[in-house]
Amino acid sequence: MKALRVHYTTTAAFAPINQANIAGIVKELKELKHPGINYSTWLLPDGKTFMHFDQFENEEAHSILTSLASFKKFDEELWASGLESEPVLEHVTLIAATGEFYK
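Under this note's numbering, read the sequence shown as residues -5 to 97, first letter to last.
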């Protein structure tokens, strides 16, 4: 299993565009129905700080996400947007959970 937490802050003006781009990723992932990808994004109370929490069955599943057209659009526009704080990517390790996760 590979689990990642990414957080960053956009400008207030770009936040709605970022949300739309994330919705595009979710739409494409739902259509793909890959059982080895769990993707979620959260918006913090300031309305412009995003936290992604992604779980992948393996590295191949992670590569599928990053190869999606919707992900490439999201990534390109995010970096061009003039971020207030750049993305911080952290690999996290599952200790315990009440739900099902990849092993």
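Every residue gets a Cβ at the ideal spot worked out from N, C-alpha and C, and that includes glycine.
Look at the alpha carbon of residue i and the alpha carbon of residue j, and state the distance between them as a whole number of angstroms.
i	j	result
E70	N52	24 Å
G41	M(-5)	30 Å
S75	S64	16 Å
R(-1)	T60	15 Å
T4	A91	30 Å
H85	F50	11 Å
Let me know the secondary structure DSSP gives residue i once reduced to three states.
i	result
F8	coil
K27	coil
F95	coil
T87	coil
E51	coil
E70	helix
K42	coil
Apply the 10 Å Cβ neighbour rule to residue i and answer buried if 16 or more other Cβ atoms are within range, or exposed otherwise.
i	result
I89	exposed
A55	buried
K66	exposed
L38	exposed
F8	buried
Of the residues the options, which one's Cα is nearest the Cα of residue i?
i	options	result
I19	G93, T4, I58	I58
A6	T92, E94, L72	L72
Y2	T35, A17, L23, G30	T35
Y33	H46, E94, H85	H46
T87	F68, D48, L77, L62	D48
L26	L62, A17, E94	L62
Answer yes or no: does any C-beta atom of chain C fall closer than 8 Å to that of residue i?
i	result
A91	Within the model displayed, chain C is absent; a lone protein chain is all it includes.
- Query: Three or more C-beta pairs closer than 8 Å, one from the stretch 76 to 89 and one from the stretch 11 to 30: is that the case here?
  - Reply: no
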